[in-house]
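Colleague:
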């Protein structure tokens, strides 16, 4: 473990050698046939002050000499004579400006050879990129007395001034120009594209999973685009200094959110540190406003200085996590190494570039180190998403297992319930049959027993009771075979049972029963009661009516009404029989009431008697 951390520390300390790569002066690398122009006669005029003339050594940073103030500067530089009598003497010369601005015009021997932006207009910032100015050979004086004049205007809180200038053959400097431009421009654009892709990916993951770590990473990535875009794009999209407020705020919030992301990615429960990071967002915004709107550069330096301790604390927490928690060691180690690079680069940018304590260095290292940091962050995002998906799959499998177990339990409970219902239905059916037998056949047998026990029982009466008992038994048996609600079949079965008796007595039966739909209220018990009422009515016709014909009519009426009639053409009822009633009529009315029907007994139109059973709403 100690060896691993020694190597990681050595890698982080290697960043200390990177400032050599960050020198944006023209003499950063030797180029054959070229010279570096370091001395200039400058006329400097800050806003609200008298001009100052003095000789200075380039690079000159206006923002360090006149912090928070704009103005104009004119640099006069003597050009060395060209070598004569060689092939190279016929080639055009060139001037390579690593940094100059904010707006600039360059003249050689009084002739303009280069211009970027309009002097005094803050819409263009030439200091964002490297520049190449071609000097035609015809423009140079043969005696070698050539002068370069560089005029610049500078806005407050912007980098301004002039770096050293390299002078030499155009082909050589053109190649160097392309190299520096790729280092600054192309790399920044690559960073922007990479940040945009990874930010969109994180945003999509947040929309799917609603995990704060993805939202934090997406916000940090989009804010980092502003910083990298601003490094190389000279045309500002909004007026200065508003654009400075936007880019500086985006940069500060990018750094703060990266710290917060590291804490969230490792699930480090550090509420105070997280609160400090979140509190830094409005604080940094306020300092940025003071810096750019109030032309107080110290405020922006203070904002970066406040973010540095947060970065160091976060870095230390990540290192501790890598050492103490094996489950997150790989992720924490990657974050610790890249975070160390970012912290050291940030300290260098703050001290060397922002505060000007590193000589002529002008390149910021943070964007380059942050790119490596963000790439590893993307790997962490993918790993976290993979773990989230794996967790969801495991959860789904667990839920599927639980659901299957619950389904099995429910199925078993349902089967048991159905078995209980079947048992209860069978028991209920047995009780119904026992009740029907007791009320019907049982009553008839009891009456028959009483007659048999008489000293001289009458044969006709005994025969009548036996037939009644048989009818009751047949009705009970028939009711067991019926389907609930099938009144039509029940009446047809009754007809098949009684029609032979009616024919034997010389009665003609007229059957007018319509095909009825299933009646929900017609249970086997209800149907049996209807059969008993009809049988009782037909038995009375056989015994008392002295009729020649009998009618059984069943029809449906409006509103769900149902009517069942038994009528004959016999002698009719005696006067007062309806009011008095008898034992049989009383039983019929009791049974009708039990099944929710109304029974009426009266004369038939055309002679005879009519028994009417009516349901007001049954269909």
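Residue numbers (the numbering used here): 0 to 618. Where is the CB? At the ideal position from N, CA and C, for every residue including glycine.
(1) Is it a yes or a no for the segment 191-205 touching the segment 107-127, going by three-plus beta-carbon pairs under 8 Å?
(2) Among 293, 250 and 271, whose alpha-carbon lies nearest the alpha-carbon of residue 66?
(3) From 574, 557 and 553, pick the residue whose C-alpha is nearest to that of residue 566; which is it?
(4) Return helix, strand or coil for residue 129, following the three-state DSSP convention.
(5) Should residue 111 be labelled buried (16 or more other beta-carbon atoms within 10 Å of its own) or exposed?
(6) Helix, strand or coil for residue 377? Go by DSSP, reduced to three states.
(7) Would you check if the segment 521-541 and the segment 590-599 touch, i.e. whether three or more CB-CB distances between them fall below 8 Å?
(8) Taking the alpha-carbon of residue 341 as reference, which of 536, 258 and 131 has the nearest alpha-carbon?
(9) Let me know the beta strand (DSSP E) ranges lying completely inside the segment 50-105, each 3 residues or longer, listed in chain order.
(10) In three-state terms, what does DSSP make of residue 619?
(11) Can you say whether residue 177 is buried or exposed, counting buried as having 16 or more other CB atoms within 10 angstroms of its CB?
(12) Which residues bound the alpha helix (DSSP H) around residue 220?
(13) Helix, strand or coil, according to DSSP, for residue 551 in the structure here?
(14) Does DSSP classify residue 235 as helix, strand or coil?
(15) With distances taken between CB atoms, is the gap from residue 521 to residue 490 smaller than 8 Å?
(16) I need the straight-line Cα distance from residue 337 to residue 253, nearest angstrom please.
(17) Is residue 60 near residue 158, with beta carbons less than 8 Å apart?
(18) Considering only their Cβ atoms, is the gap separating residue 255 from residue 153 smaller than 8 Å?
(19) Label residue 264 either buried or exposed according to how many other C-beta atoms from any shown protein chain fall within 10 Å of its C-beta, with 16 as the threshold for buried.
(20) Residue 56: buried (16+ other C-beta within 10 angstroms of its C-beta) or exposed?
(21) Determine whether the beta carbon atoms of residue 598 and residue 559 lie at a separation below 8 Å.
(22) Across which residues does DSSP place residue 166 in a beta bridge pair?
(23) Just reading off the beta strand (DSSP E) that residue 271 is part of, what are its end residues?
(24) Confirm, please, whether the CB-CB distance from residue 165 to residue 30 is below 8 Å.
(25) According to the neighbour-count rule (16 or more other Cβ atoms, all chains shown, within 10 Å of its Cβ), is residue 706 buried or exposed?
(26) Would you mind stating whether residue 514 and residue 544 have Cβ atoms separated by less than 8 Å?
(27) Does residue 487 come out as helix, strand or coil in the three-state DSSP assignment?
(28) Measuring straight from C-alpha to C-alpha, what distance separates residue 563 and residue 584?
(29) Select from 231, 45, 140 and 196 the residue whose C-alpha is nearest the C-alpha of residue 182.
(30) Determine the burial state of residue 299: buried for a count of at least 16 other Cβ atoms within 10 Å of its Cβ, exposed for fewer.
(31) Going by alpha carbons, who is nearest to residue 208 out of 492, 614, 524 and 381?
(32) For the putative contact between residue 169 and residue 93, defined by C-beta atoms under 8 Å, what is the C-beta separation to the nearest angstrom?
(33) Just reading off the alpha helix (DSSP H) that residue 528 is part of, what are its end residues?
(34) Inspect the beta-carbon positions of residue 163 and residue 58 and report whether they are closer than 8 Å.
Modeller: Straight from the coordinates:
(1) The count of Cβ pairs closer than 8 Å, one atom from the segment 191-205 and one from the segment 107-127, stays below three, leaving the stretches out of contact.
(2) 293
(3) Out of 574, 557 and 553, 553 has the C-alpha closest to the C-alpha of residue 566.
(4) coil
(5) exposed
(6) In the structure shown, residue 377 sits in a helix (DSSP, three-state: H, G or I).
(7) The segment 590-599 is in contact with the segment 521-541.
(8) Residue 341 has its Cα closest to that of 258, out of 536, 258 and 131.
(9) 51-56, 70-78 and 92-96
(10) Examination of residue 619 is not possible in this model, given that the chain is present from 0 through 618 alone.
(11) exposed
(12) 211-231
(13) strand
(14) coil
(15) no
(16) 16 Å
(17) Remark: C-beta atoms of residue 60 and residue 158 approach each other more closely than 8 Å.
(18) no
(19) buried
(20) Exposed is the call here.
(21) Contact flag unset, no.
(22) As DSSP reads the structure, residue 166 sits in a beta bridge with 34 and 94.
(23) No beta strand (DSSP E) contains residue 271, which is instead part of the alpha helix (DSSP H) from 270-292.
(24) yes
(25) No answer is possible for residue 706: the residues shown for the chain start at 0 and end at 618.
(26) no
(27) helix
(28) 16 Å
(29) 231
(30) It is buried - the Cβ of residue 299 has at least 16 other Cβ atoms within 10 Å.
(31) 381
(32) 4 Å
(33) 523-539
(34) yes
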